[in-house]
Structure formats: C-alpha cells, structure tokens
Amino acid sequence: MFDYQAPENLLQNKVILVTGAGAGIGRAAALSYASKGATVILLGRTEEKLDTVYDEIEAAGYPQAAIITLNLQTAGETDYCNLATSLQQEFGRLDGILHNASILGLRTPLESYDPTIWQQVMQINVNSTFMLTQALLPLTENSDDASIIFTTSSVGRTGRAYWGAYAVSKFATEGLMQVLADELDHNKNIRVNCINPGATRTNMRAAAYPGENPSANPAAEEIMPLYLYLMGKDSKEINGQSLNAQ
Ligand SMILES: NC(=O)c1ccc[n+]([C@@H]2O[C@H](COP(=O)([O-])OP(=O)(O)OC[C@H]3O[C@@H](n4cnc5c(N)ncnc54)[C@H](OP(=O)(O)O)[C@@H]3O)[C@@H](O)[C@H]2O)c1
1 MFDYQAPENL LQNKVILVTG AGAGIGRAAA LSYASKGATV ILLGRTEEKL
51 DTVYDEIEAA GYPQAAIITL NLQTAGETDY CNLATSLQQE FGRLDGILHN
101 ASILGLRTPL ESYDPTIWQQ VMQINVNSTF MLTQALLPLT ENSDDASIIF
151 TTSSVGRTGR AYWGAYAVSK FATEGLMQVL ADELDHNKNI RVNCINPGAT
201 RTNMRAAAYP GENPSANPAA EEIMPLYLYL MGKDSKEING QSLNAQ
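Residue numbers (the working numbering): 1 to 246.
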C-alpha cells in the first residue's frame, strides 16, 4: 500500500477524528484526510497548533474542520463522555478515528526508569486511547463504513533495550487493537487496525535520535498512502492487521 493512489473523493462526507492533530504525523493525516473530502475533527492539547492546522485546511478550500482541545494525560471518563455527547449532537456519527497522539517518555534502562514518567506514557499512549475508543464506539456504530486506526511502532512488536514505557505502551496498543478487532469481527461496518509509521521526520523522531540527520527520514506527508488506504473504503475487508506505512 506504499503507493496507494487515493481517489480525490475517497473520504467525501466522512467525519474523521485525529488525535495529536497539531503536529507531525497527525497534522499530515488531518490535512490528507481533509484533502480527500473529510470533515476532520482535530484533537490535541495545544490550541495554537490545532488553530494553525484548522487555518491550513480552510485556506486549501477543504471541508471546514472542528477543533477539540483536550489533554489526554489529564482527561477522565467525564471528559470523554462529554466529548462523545457533543460529537453526537454535532455530527451524529464518526466514520473514522486515527489514534495518533503519543509521547516518547524516557530512553533509559528499566532499572532507572522514573515511575512518574512511566505512568504518563501509559496514560497518554494506552489508557486515554482505551477511554476515547470506548466513549466513541457508539458513534462509529452509526456509520455504514467506519475505520479505527491505532498507531504502533516497531518497538511494540519486538522489545528493544532502553525504549521503556514507550515500547511497552505500543505492545499494549497492538493488544488493544487485536482485542477490539476480534470483538467487532462480526460487524462488517467497522474495521480496526494498526499502522506502524516507521522512521518519520517529526519532533518525536528527533527527540529519540538527536544525533540523526533529519533528512534521512521521509516527511510525514510521504507516508500518507497507507493512512488513506486504511481510512477509505478500499480497505473494507482489512481487520485486525498491523501494517507498515514504509
Ligand atoms: N516519528 C516516528 O518516527 C514514529 C515512528 C514510529 C511510531 N510513531 C508514532 O506515530 C505517532 C505520531 O508521532 P509523531 O512522530 O508525529 O510525534 P510528534 O511529532 O511528537 O506528535 C505527537 C502529537 O501528539 C500530541 N500529544 C502528545 N501528548 C498529548 C496529550 N497529552 N494530549 C493530547 N495530545 C498529545 C502532540 O501534541 P503537541 O504538539 O501539542 O505536543 C502532537 O500533536 C505516535 O503514536 C508515535 O508513537 C512515530
């Protein structure tokens, strides 16, 4: 799917929520989905970044986006419930969710890993993803073709030294995806999969590999074919898979 050519109207009339939409891969995905006709709900913690993406979508003449400022580290059940209620009132359904927001945490041995940071990583990368999914599932059930995408990493498939909570959180993400995909296997209107973006030129990559030349990796815009394929109807039969974007 690396060279998937999405039709211009692939996501026309679709309502898609992207977490971590203000920067990096989430920003590129939001713009990419909007360019194919989707109304994109931009969720993130930094309002100015979301405003900028909103303006970019508007300037390009794509369908008007929506902004939800939410800190996934501190949000609780009530916040997710309120979010679901307001999306229900505004849109009545969700055709796609891209769970993309994550933090890296520490690159350090487990022996010295700060437990507070461990909990932050698990809260943002795993617990919030579960709570958001649980709250929004009824909205995806109102769609006749919904795609839920989680974001994994190669360190979430084979453990690697010093990747700590981040690696463990991505193993959990793969597990979350598999459990949900199996539970929804009977429902031909919802599919659930993971994307592993692979090394991509973003702030997170720079933080993980400070000595690396950023131009060694593709920009987030270059890995969008799989993001579009899995969100659009051409992937209707794909469920429970963990796919590489590169
Ligand atoms: N880049 C890579 O090479 C690579 C490789 C494998 C997997 N991934 C995965 O791909 C996804 C995107 O990564 P990226 O490289 O684009 O990272 P990034 O540039 O650091 O962007 C992460 C996004 O998540 C948001 N976010 C972080 N904490 C949040 C919180 N508490 N509440 C709400 N939003 C929050 C950030 O918001 P702010 O901008 O406001 O901080 C930002 O928009 C992640 O799941 C990552 O694990 C990336």
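From the three backbone atoms N, C-alpha and C, an ideal C-beta is built for every residue, glycine too.
Review point. So is histidine 186 buried or exposed if we call it buried at 16+ other beta carbons inside 10 Å?
Key: Residue mapping note: residue 186 aligns to position 186 of the sequence shown, counting from 1. The residue in question, histidine 186, is exposed, as its Cβ has fewer than 16 Cβ neighbours within 10 Å.
Point to revise | Nearest to leucine 230 (by Cα), restricted to the options Asp51, Gly61, Ala207, Ile190 | key: Within the sequence shown, numbered from 1, the residue matching residue 230 stands at position 230. Each of Asp51, Gly61, Ala207, Ile190 was checked against the Cα of leucine 230, and the nearest Cα belongs to Ile190.
Practice item. Mind checking who serine 242 pairs with in its DSSP beta bridge? Key: Taking the sequence shown and counting its residues from 1, one reaches residue 242 at position 242. Paired residues: Cys194.
Practice item. Can you grab the Cα-Cα spacing for the pair leucine 184 / serine 143, in whole Å? Key: What you label residue 184 is simply residue 184 of the sequence shown in a count that begins at 1. What you label residue 143 is simply residue 143 of the sequence shown in a count that begins at 1. For leucine 184 and serine 143, the gap between their C-alpha atoms comes out near 14 Å.
Check your understanding: Under the criterion of a Cβ to heavy atom distance below 6 Å, does alanine 199 qualify as lining ligand 1?
Key -> For the purposes of this step, residue 199 is identified with residue 199 of the sequence shown, where counting begins at 1. Checking every heavy atom of ligand 1 against the Cβ of alanine 199, one is found closer than 6 Å.
Check your understanding: What do you reckon, are the CB atoms on threonine 39 and valine 18 nearer than 7 Å?
Key -> Residue numbering aside, residue 39 sits at position 39 when the sequence shown is read from its first letter. Residue numbering aside, residue 18 sits at position 18 when the sequence shown is read from its first letter. Not a contact, by the Cβ cut-off of 7 Å.
Check your understanding: Quick one, are the C-beta atoms of alanine 124 and glycine 105 less than 7 Å apart?
Key -> Sequence index remark: in the sequence shown, residue 124 carries index 124 (1-based). Sequence index remark: in the sequence shown, residue 105 carries index 105 (1-based). Going by the sequence as given, residue 124 is isoleucine instead of alanine. Contact: no.
Point to revise | proline 138 to leucine 94 span [Cα, whole Å] | key: Counted from its first residue, the sequence shown places residue 138 at position 138. Counted from its first residue, the sequence shown places residue 94 at position 94. So the alpha carbons of these two residues sit roughly 9 Å apart.
Practice item. Indicate whether at least one CB of chain B lies closer than 7 Å to the CB of glycine 44. Key: Annotation note: the requested chain B is absent from the structure, which comprises a single protein chain.
Exercise for review: Could you name the residues of the same chain whose beta carbon sits closer than 6 Å to that of tryptophan 163, not counting the 5 residues immediately before and after it, in chain order?
Suggested key: Translated into positions along the sequence shown, residue 163 becomes position 163. Listed in chain order, the non-local C-beta contacts of tryptophan 163 below 6 Å within the same chain comprise Val155, local neighbours out to five positions each way being set aside.
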